[in-house]
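Protein chains in written order, with my numbering: chain D, 13 to 303; chain A, 13 to 303; chain L, 13 to 303; chain F, 13 to 303; chain Z, 13 to 303; chain V, 13 to 303.
So, in structure tokens, the structure goes:
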């Protein structure tokens, strides 16, 4: 019985140590803005969804301002299928006509966005869900490749709303639908939307939750950290390839636009964000400026 | 040519007179909060939609704080039909299972809400769309009649968010989906949701946009104004019947809860709201307290 | 009877349309500062006085900050006559000795200023009357031509008070009497005073209410709009002559000093200000910068 | 030469002692509001005028908020005479027709008010002159005795403006002209106006500057201090008589209305206000509540 | 190697879980004020001192406002000894003459207070040390038992300074020296001072760090929690005895004065405060109100 | 008896004149920050201590923000002697080991600082005592000459705390102990500390209270005023020598760092500060910039 008590006490003391280990990180990031692109497995598996909601609630409580930008590809695909609306992709972008955009909006702004909001609220945080149409938060124009239809490039971010909501203790959760200058609406790639918002806010961190370990070398070993200038070479050497290219591109753009640090993090790992932020050994690839 | 010019000048001068006639109303309502239940024809016909967006933008610009709460019944019915999900009503309430609620949310929060937001933004106002889940804006519990499924009664309104958004120059547009205390979500009758929000805000006006002329007597003549105490008698005398009963009920509840004036307004009339507010002769029935 | 009703309804709907036509102008000018030189017929005729008071009240209610600077020539003349104090003019400036200045102050600060204030207050606005001596709002030095006596050129404007009063929802009404650096007081030309205040406030508009139609060409046709650079030529060509020269001079100075747009408006036309601001076709001459 | 130096040094040291003696009073009254009725000799003699301006400037600089309400009887009489307008008094109130009121306003708001403002500004303070019409600062209704014409009783004070101006570092100087609820303007007795303003502001002190030593007993000896309850008896015993009766009445009303202390002070004594406030031995009669 | 990696990962994940377990407590106490009496072993042993500084820094960073009140008995004893000043105690209070008080102040305000401040600052918090004399933070009068000399009972707390400093992100550290109404200074028992400050601030928690396990029953078993009403009985039954009596007295007084919860915590246990606040099983006795 | 009364009245009137003579100085310095190095006789003699406390209280009440930085040499020496700790000086700096620094801190932060605070509080001001460790107000590094031990040069001033405390109506009183970047604490020369704080605050005045008349010429005559550029020459000519050299050095550094005026004032003269500030003929040497 005594050893059990000792065990308990030891465990207690372990816990306290952990809280204290987080102190320098809490101090370092107090008041900072982190823009987090939320998607992939972390948004699909029930337990990962709950963990994510806890994670961002904790960030908010220790003084960090998390801004969530989410995707929703698979759910969109499912509803399109249920409605028997055919869909196809050109260069990784979903060809989006009026009917498809309506489905995209219903899923992103109506379903996914509010589910994330509810999860965070249930975990103790206070979230407010917005689409890029709200208060003209995101302004876009048609992408150059008109074949893809109503897909847009962001040309303006109304940071005023985001800051206001954030300053009042809420966590903004943003669906990547944008208002068009010509009265239209646009579907925006979530990674790009998140990066643009991070730039507009001069965020301290831009974190991309993905379904891969991070950036890997030719032997499949993870790069823990990379400099902006190294990215170009890795692409030329075909070490960074495929879907990872636009992701590192978002990071590089964010860094150029004033974001301090960017992270490509494995969203399949529970609490990947907390591990990346509050421990010395993160769980993905950090891409930083060259100095 | 001269007469043409005189005609123009006369028209100009008419316009100015109209602007000035609005002055006492603008003065009277400066700083007031108006909760407007938006629905029916005014939300379906293209031209009425545009006019409504202009109207609420104007209200905001002349110093009134409009809060929009919207329904979306027909659009919900359409998507349910497209998805081949059967639906039925009990006592005027849609029986709502998990699958149906998902569709309700997609349509209300994702489609209808954002369309209203976009319309207002395009007319010069600045709107932000929220569902009752955002920041736990609306908290509900299951209605007594459990046969209807996930339909809720409002038991709490987080006015803090609404006021904050309104104070920052934005027009809140609210979809009547509520957060449940037990982790569930609920579909809320839009009239009731609007009335509850009006009460919680102690709004100066609660305006119900409907597809009828207002409350009518046995000869089909419109009551321009009614007192709270007269309503009960008119129901007993079967002069107020059917779908009008819950509507006048919302108004009476709102008055009891501290709202100053309530209006049942014909949303099929273009600019019904402006006519009701800025002219002596409104376009519906005003229901007021007994003093 | 029915047609009468239809007529009424049509009229109602006309009114609402007018309100809505003003919306883009209201939006455009929300938060702007308009400095209005008030004088001439608009300050003499009873009905025009009332209309003016309504107009500026409306401007304030729709979010514009009107600042009124007024003259008072004829009333001054009358009191001087009643008191048998002889008076004469040199180059359009009243020769002002101590005794005359006392009369000028009594009429401007005591009578005219407070009447304008009362008119605006009675029309629903909230006005506060100030002379340039209040809080050293206007600082002047003697004009070069010492023959005219206590007539001054403005060398400083204390914008702090004006902004403060304006920010608190009041309409400042300013009598053009200035404090002298040497302990004296000065009579200031009202057009000049208004222009200087507009400059000091970097006003969006400077509006000169006069008793003429505006700037006219050699055929007596009104220039609707003129550029700053055209003014000089029109003076050289003797198209702009006489009393109009100092008026356009005030406008040109205001433009040089940072005012965005200036207007010479016919104060004899009822609601000239509203027509100029809220309709496409104004009632005077607009003088703008050269770009 | 040494003794001269010693003399100088002694004088210096005397001065410093005086500054320090004021310290407890400065501390006691920091942040307090003093309403001062300014009139009589103190407003007529050149040197007293200058001293008064210095005094209130000093009050403001040491953290007290002086509010000046002034009369102007003699100047009004002079202008009426110059204009050959006959005038007469009923029960101490000037019978005021439209023409007379115009003269009253010109003198009070235009001349006297602005002269006080200028004097204070020249002495280093920052004053703003207002009439009771400005921002509807004073609202009045006709006195019961309609024979006196446009003479009013105050029924409302807009303290918002006074506080705002005072909070911004300015000294409000108020002319006792009031706005009527029926669109008329009224002449107000300056003592009464000052007392009403003191009540509305819950002033710490209400100071009546007069041309007498204060309240005197039957032997002509000054009462240094009197309690509210003693006043009635002194009037009954005919010790307080004539023009002193309304003055003590103002004080008693002010005390009933929440003013902490009232003073009837001899305005003929230079710096009477400073002596009353900053030294133990005042120069008039203090009337306080009964506790 | 793989198992090593797994071990690391497991450890990481443990850490994250701990952070998240703290979330409900962080949420619960966000914005709360905790007054902590700091003394005993926790203030003597080097490692405990460092841990304490970390703990309060962490509290501050997660949104709690810790207020530290410290003792300093042993250090005072040492300096008195070094200076060969004899000292004695009456009823647990140090007999304090002028010379002794000087030593007490030097040690408490000069040495102990600043060492705590420095420790906290070095651990990442931002502390400001104050004595009760600063801004008359603590006002005291002589205790009844005059034999003890300059020992005081607190009769006033200036919470304004504490709140201000706390609101600006600093942790106030307070030495229990008080200002006397009669110009004297007083030595205050640190437990009492802390309790009085907790009451004055209506603190959520008052935590007494001591060198015992907490309140124990007759078998030496710790009471985890006690109600206010139980304390009296335990004293009567002589279960609570000796030095514990005044400590529980401080807690009971604090509860009566509006403090929500009080804790007697074992300061010899590292991180006792964090364990008490952030885990379900605390390390001392909680004394609460009777409901 | 009459002449006695006249005498009294004359004296009164003298006092009022003195108050008014201070008005232009009060006006000139309203809102200014004065950093005062307090030391020497003014900190030792009982009556001078009281006078100083009165003086700075008065400064605060008339709108100036005094910041006090104090020394404490003689008291430190006494305690070191009592504790039989040997002490010695190198180039005017006390050789400071750990034990000595502890004594320095106890005396400065614990005794002298709190005595000054109490004196000011007793005279009506509201003071808060801080050491440079509080909120890391002063950051220092070891002086180059390592022989002197823990003596530091200031490398950073946290003006945020000083301004915050000052803005809230308190007078900051600062003991010249600094926090070291390497975890150590340092003893700082009080003149230098005061000068650095004055620079960091861009103070309007930096006043050095000393025990000499000021800077004197070769005939022992006081320089009333000196320009920065003259100082160097006077040192080269050996007119400024010995202990005066570092004092004028502090002034010159302060001027270079943005302080507007510096004063070396004779602290043995009662109310030296007030005489220097509020009268034309000061009591020391003013050193100003070269323009």
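Built from N, CA and C at the ideal position, the CB exists for glycine as well.
As the structure is a prediction and not an experimental result, all values here were calculated from the model.
Rounded to the nearest angstrom, the gap between the Cα atoms of residue 166(Z) and residue 212(F) is 39 Å. Nearest C-alpha to residue 219(D) among 64(D), 114(D), 204(D) and 276(D): 276(D).
With distances taken between CA atoms, residue 267(V) lies nearest to 217(V) out of 40(V), 152(V), 217(V) and 48(V). Annotation: residue 166(V) has no Cβ neighbours in chain Z at a cutoff of 7 Å; minimum Cβ distance is about 16 Å. Assigned with DSSP and collapsed to three states, residue 184(A) falls in strand. By the neighbour-count definition (other C-beta atoms within 10 Å, threshold 16), residue 208(V) is a buried residue. For the set 241(F), 278(F), 31(F) and 250(F), the Cα lying nearest the Cα of residue 303(F) is the one of 241(F).
Pairing residue 128(V) with residue 185(V) gives a Cβ-Cβ distance under 8 Å.
Cβ-Cβ distances below 8 Å link residue 82(L) to 49, 50, 51, 55, 120, 124, 125, 128, 185, 186, 187, 188 and 202 in the same chain, with the five nearest sequence neighbours on each side left out; the list follows chain order. In this structure, 182(F) is the residue among 36(F), 93(F) and 182(F) with its C-alpha nearest to the C-alpha of residue 172(L). Boundaries for residue 170(L): no alpha helix (DSSP H) harbours it, and the DSSP string shows neither H nor E there. Chain order gives the chain F residues near residue 290(V) as 27, 28 and 31, where near means a beta carbon separation below 9 Å. Secondary structure of residue 213(L) (DSSP, three-state): coil. Non-local beta-carbon contacts of residue 60(A) in its own chain, meaning distances under 8 Å to residues more than five positions away in sequence, involve 53, 54, 279, 280 and 282 in chain order.
CA-to-CA, the gap between residue 89(F) and residue 89(L) works out to about 21 Å. Within 7 Å of the CB of residue 129(L), the CB atoms of chain F belong to 145 and 146, in sequence order along the chain. Inter-residue distance for residue 295(A) and residue 226(A) is about 8 Å (C-alpha atoms, whole angstroms).
In the three-state reduction of the DSSP assignment, residue 89(F) falls in the helix class. At least one beta carbon of chain D lies nearer than 8 Å to the beta carbon of residue 69(Z).
In the structure shown, residue 235(V) falls within a coil segment according to DSSP collapsed to helix, strand and coil. Counting the other CB atoms within 10 Å of its CB gives residue 79(F) a total of 16 or more, which places it among the buried residues.
Of all C-beta pairs linking the segment 140-156 of chain A to the segment 92-101 of chain A, fewer than three are shorter than 8 Å, placing the two stretches out of contact.
With a threshold of 16 other beta carbon atoms within 10 Å, residue 108(A) meets it and is buried. Taking C-beta separations shorter than 6 Å and ignoring five residues to either side along the sequence, the partners of residue 168(D) in its chain run 151, following chain order. What residue 195(V) touches in chain Z, judged by beta-carbon distance under 8 Å, is 134, going in chain order. For the segment 35-46 of chain L, the beta-carbon criterion of a distance under 7 Å to any beta-carbon of chain A is satisfied by 35, 36, 38, 39 and 42. Residue 164(L) and residue 113(L) have their alpha carbons spaced roughly 12 Å apart. By the 16-neighbour rule on beta-carbons within 10 angstroms, residue 106(F) is buried. With respect to chain A, the C-beta atom of residue 191(D) has a partner C-beta closer than 8 Å.
Close to chain V, meaning a Cβ-Cβ distance shorter than 8 Å, is no residue of the segment 52-76 of chain Z at all.
By the neighbour-count criterion, in which 16 or more other beta carbons inside 10 Å mark a residue as buried, residue 110(F) falls on the exposed side. When DSSP reads this structure, residue 82(A) sits in a beta bridge with 50(A). Residue 285(A) and residue 135(A) have their alpha carbons spaced roughly 16 Å apart.
When DSSP states are grouped into helix, strand and coil, residue 104(D) belongs to the coil group.
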